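**Student:** Have a look at this one before I ask anything.
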Amino acid sequence: MTIYEKQSFEQALCRYNLQNRRKRIRILQVNMGKRCNQGCQHCHVESGPKRSENMKKATVDRLLELLSRERKIHTVDITGGAPELNPYFRNLVTVIRGMGKEVIDRCNLTVLFEKGQEDTAEFLAGKQVRIVASMPCYLKDNVDRQRGSGVFEKSIAALKMLNSLGYGRKGSGLMLNLAYNPVEAHLPPEQTALEMDYKMHLKTEYGVEFNQLFTITNMPITRYARMLERDGKINAYMQLLMDNFNPRAAAGKMCNELLSVSWEGRLYDCDFNQVLDIPLNRQPCTLWDIERFDDIESGIAVGDHCFGCTAGAGSSCSGALI
Numbered sequence: 055m056t057i058y059e060k061q062s063f064e065q066a067l068c069r070y071n072l073q074n075r076r077k078r079i080r081i082l083q084v085n086m087g088k089r090c091n092q093g094c095q096h097c098h099v100e101s102g103p104k105r106s107e108n109m110k111k112a113t114v115d116r117l118l119e120l121l122s123r124e125r126k127i128h129t130v131d132i133t134g135g136a137p138e139l140n141p142y143f144r145n146l147v148t149v150i151r152g153m154g155k156e157v158i159d160r161c162n163l164t165v166l167f168e169k170g171q172e173d174t175a176e177f178l179a180g181k182q183v184r185i186v187a188s189m190p191c192y193l194k195d196n197v198d199r200q201r202g203s204g205v206f207e208k209s210i211a212a213l214k215m216l217n218s219l220g221y222g223r224k225g226s227g228l229m230l231n232l233a234y235n236p237v238e239a240h241l242p243p244e245q246t247a248l249e250m251d252y253k254m255h256l257k258t259e260y261g262v263e264f265n266q267l268f269t270i271t272n273m274p275i276t277r278y279a280r281m282l283e284r285d286g287k288i289n290a291y292m293q294l295l296m297d298n299f300n301p302r303a304a305a306g307k308m309c310n311e312l313l314s315v316s317w318e319g320r321l322y323d324c325d326f327n328q329v330l331d332i333p334l335n336r337q338p339c340t341l342w343d344i345e346r347f348d349d350i351e352s353g354i355a356v357g358d359h360c361f362g363c364t365a366g367a368g369s370s371c372s373g374a375l376i
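No gaps in the numbering here: position 165 of the sequence shown is 219 in this note's numbering, and each next residue is one more.
Here's what the structure looks like:
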């Protein structure tokens, strides 16, 4: 039986007369590869210690070449896997910062204790990279259940190290944001209230400070979808997302201003389409097929997984949309 009992995502957009076209590309999200020191159960990229996929130098060079021609893109959001494990990560960051663009590092925190990463935190601080750190809960048991035994303690140690460098401290200019995603199959709670809980608990219990909390909805695809199917919850979860479709969130969905680049140099409307291999306008396109990012057509390829970004307060790489 189909899990889509009401309407497709395209029908939901049409119902509210919402256009589905990219306004402009302001943010470039770059996936450096699937290699990671963790194997989280919610990871839609399905990254882990046994994955070897990594962006190659030729792809990094082509990406930098195109970025050097681009003024409208103000932020490069680097993700993975654990992007820091890619051998060209630091060169990519250094050159982009030299262009005057902001760089975001999607850091899982524990990677900072991996061999060869001993000075990564200092490197990020020196380049004034904004860090978005994975922290699905402020309670040890919940984090370890989702991300693996011992991850919580390492994450706290990493946050303390980042604080010692100025990250999350008022007036330092070094931004440290945390990313929350539900442990169970439900929508995230209200972002502002949860942020207050996080800040109070982490400060009181561990002396940890950070700037902002991002609440992110778990996407019903790949690894997380299989977990839902195993537990018999996939139908109910998809219905929850569809029942909570919010046209205000849909109007501000992140793909309106974002473009995603895979570790192979393929182009997508978002990180989720990348994982599902839904290319731009349903036609394969790579960094070598364009001369400028402005060459890319404005249509956005969508699917029913997009209900995950538009349910409730909405969800994006920068947290709630409304």
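Just so it is clear, CB atoms sit at the ideal spot from N, CA and C, and this is done for glycine as well.
Since the model is a prediction, treat every value here as computed from it, not as a measurement.
(1) Helix, strand or coil: how does DSSP classify Asp343 here?
(2) Closer than 8 Å is the cut-off here; do at least three beta carbon pairs connect the segment 200-211 with the segment 172-179?
(3) From this set, Pro242, Leu341, Thr340, which residue's C-alpha is nearest Ser369's C-alpha?
(4) May I ask you to list the residues that DSSP assigns as paired with Ser101?
(5) Using C-beta distances below 7 Å, list every residue in its chain close to Phe206, excluding the 5 sequence neighbours before and after it, in chain order.
(6) Taking only the alpha-carbon atoms, compute the straight-line gap between Arg160 and Asn335 and give it to the nearest angstrom.
(7) With a 10 Å radius around its C-beta and 16 neighbouring C-beta atoms as the bar for buried, classify Ser188 as buried or exposed.
(8) For Ile386, which residues from the same chain have a beta carbon less than 6 Å from its beta carbon, with the 5 sequence-adjacent residues on both sides left out?
(9) Return the residue from the list Met229, Lys126, Phe167 that minimises the CA-CA distance to Gly154.
(10) Given a cut-off of 9 Å on the beta-carbon distance, is the pair Gln266 and Asn217 in contact?
(11) Check whether the Cβ atoms of Lys308 and Ser372 lie closer than 9 Å to each other.
(12) Kindly indicate which residue of Glu351, Lys287, Leu294 has the alpha-carbon position closest to the one of Cys363.
(13) In angstroms, rounded to a whole number, what distance separates the CA positions of Val237 and Arg184?
(14) May I ask you to report which of helix, strand or coil DSSP gives Gly353?
(15) DSSP three-state call for Leu295: helix, strand or coil?
(16) Pull up the CB-CB distance for Met86 and Asn145, whole angstroms please, since I reckon it's below 8 Å.
(17) In whole angstroms, what is the alpha-carbon distance linking Arg116 and Ile81?
(18) May I have the straight-line CA-CA distance separating Leu163 from Leu67, to the nearest angstrom?
(19) What residues in its chain sit with their C-beta under 8 Å from that of Pro338, if we drop five residues either side in the sequence?
(20) Hey, quick one: how far does the beta strand (DSSP E) through Glu283 stretch, first residue to last?
(21) With distance defined between alpha-carbon atoms, name the residue in Gln200, His240, Ile158 nearest to Thr129.
(22) State the Cα-Cα distance for the pair Pro103 and Asn71, rounded to the nearest angstrom.
(23) With a Cβ-Cβ cutoff of 9 Å, do Gln182 and Ile132 count as a contact?
(24) Between which residues of its own chain and Ile275 is the CB-CB distance below 7 Å, once the five residues before and five after are set aside?
(25) Measuring alpha carbon to alpha carbon, tell me which residue in Ile79, Thr246, Gln73 is nearest Glu311.
(26) Mind checking whether Glu263 and Arg302 have CB atoms under 9 Å apart?
(27) Once DSSP output is grouped into helix, strand and coil, what is the label at Phe378?
**Tutor:** Short version:
(1) Taking the first residue of the sequence shown as position 1, residue 343 is located at position 289. In this structure, Asp343 counts as helix in the three-state DSSP scheme.
(2) no
(3) The sequence position of residue 369 within the sequence shown is 315, counting from 1. Closest option to Ser369, Cα to Cα, is Pro242.
(4) Taking the sequence shown and counting its residues from 1, the one referred to as residue 101 is at position 47. Bridge partners of Ser101: none, in fact.
(5) To locate residue 206, count along the sequence shown from 1; it is residue 152. Only Lys194, Val197, Asp198 meet the Cβ criterion.
(6) Against the sequence shown, residue 160 aligns to sequence position 106. Against the sequence shown, residue 335 aligns to sequence position 281. Each residue's alpha carbon lies about 27 Å from the other.
(7) Counting from 1 along the sequence shown, the entry for residue 188 is found at position 134. Buried.
(8) The requested residue 386 does not occur in the structure, where the chain is confined to residues 55 to 376.
(9) For the purposes of this step, residue 154 is taken as residue 100 along the sequence shown, with counting starting at 1. The option with the nearest alpha carbon to Gly154 is Lys126.
(10) Reading the sequence shown from its first residue, position 212 is the one you call residue 266. Reading the sequence shown from its first residue, position 163 is the one you call residue 217. Cβ distance not < 9 Å, so Gln266 and Asn217 don't count as in contact.
(11) In the sequence shown, residue 308 corresponds to position 254, counting from 1. In the sequence shown, residue 372 corresponds to position 318, counting from 1. Before going further, note that residue 308 is Met rather than Lys in the sequence given. Contact: yes.
(12) Here the question's residue 363 lines up with position 309 in the sequence shown. Of the candidates Glu351, Lys287, Leu294, the one whose C-alpha sits nearest the C-alpha of Cys363 is Leu294.
(13) Counting from 1 along the sequence shown, the entry for residue 237 is found at position 183. Counting from 1 along the sequence shown, the entry for residue 184 is found at position 130. In a straight line, the C-alpha of Val237 is about 25 Å away from that of Arg184.
(14) On the sequence shown, residue 353 is found 299 positions in, with the first residue counted as 1. Judged by DSSP in its simplified three-state form, Gly353 adopts strand.
(15) Counting from one through the sequence shown, the residue named residue 295 turns up at place 241. Helix, per DSSP.
(16) As a working note, residue 86 is residue 32 in the sequence shown. As a working note, residue 145 is residue 91 in the sequence shown. Not a contact, Cβ separation roughly 11 Å.
(17) Start at 1 with the first residue of the sequence shown, and residue 116 comes out as number 62. Start at 1 with the first residue of the sequence shown, and residue 81 comes out as number 27. If you take the alpha carbons of Arg116 and Ile81, they lie about 17 Å apart.
(18) For this step, residue 163 is matched to residue 109 along the sequence shown. For this step, residue 67 is matched to residue 13 along the sequence shown. The C-alpha of Leu163 lies about 37 Å from the C-alpha of Leu67.
(19) By 1-based counting over the sequence shown, the position of residue 338 is 284. Once the five neighbours on either side are set aside, the close Cβ partners of Pro338 are Arg320.
(20) The count along the sequence shown starts at 1 and reaches residue 283 at position 229. Not the beta strand (DSSP E): Glu283 falls in the alpha helix (DSSP H), residues 276-284.
(21) Here residue 129 refers to the residue found at position 75 when the sequence shown is read from its first residue. When each option's Cα is compared against that of Thr129, the closest is Ile158.
(22) Taking the first residue of the sequence shown as 1, we reach residue 103 at position 49. Taking the first residue of the sequence shown as 1, we reach residue 71 at position 17. Distance between the alpha carbons of Pro103 and Asn71: 44 Å.
(23) Along the sequence shown, read from residue 1 onward, the residue named residue 182 stands at position 128. Along the sequence shown, read from residue 1 onward, the residue named residue 132 stands at position 78. No, these two residues do not count as a Cβ contact at 9 Å.
(24) Position 221 of the sequence shown, counted from the start, is the residue given in the question as residue 275. Cβ within range, chain order: His98, Phe326, Val329, Leu330, His359.
(25) Along the sequence shown, read from residue 1 onward, the residue named residue 311 stands at position 257. Of Ile79, Thr246, Gln73, the residue nearest in Cα terms is Ile79.
(26) If you number the sequence shown from 1, residue 263 lands on position 209. If you number the sequence shown from 1, residue 302 lands on position 248. Cβ distance not < 9 Å, so Glu263 and Arg302 don't count as in contact.
(27) Absent from the structure is residue 378, since the part of the chain shown begins at 55 and ends at 376.
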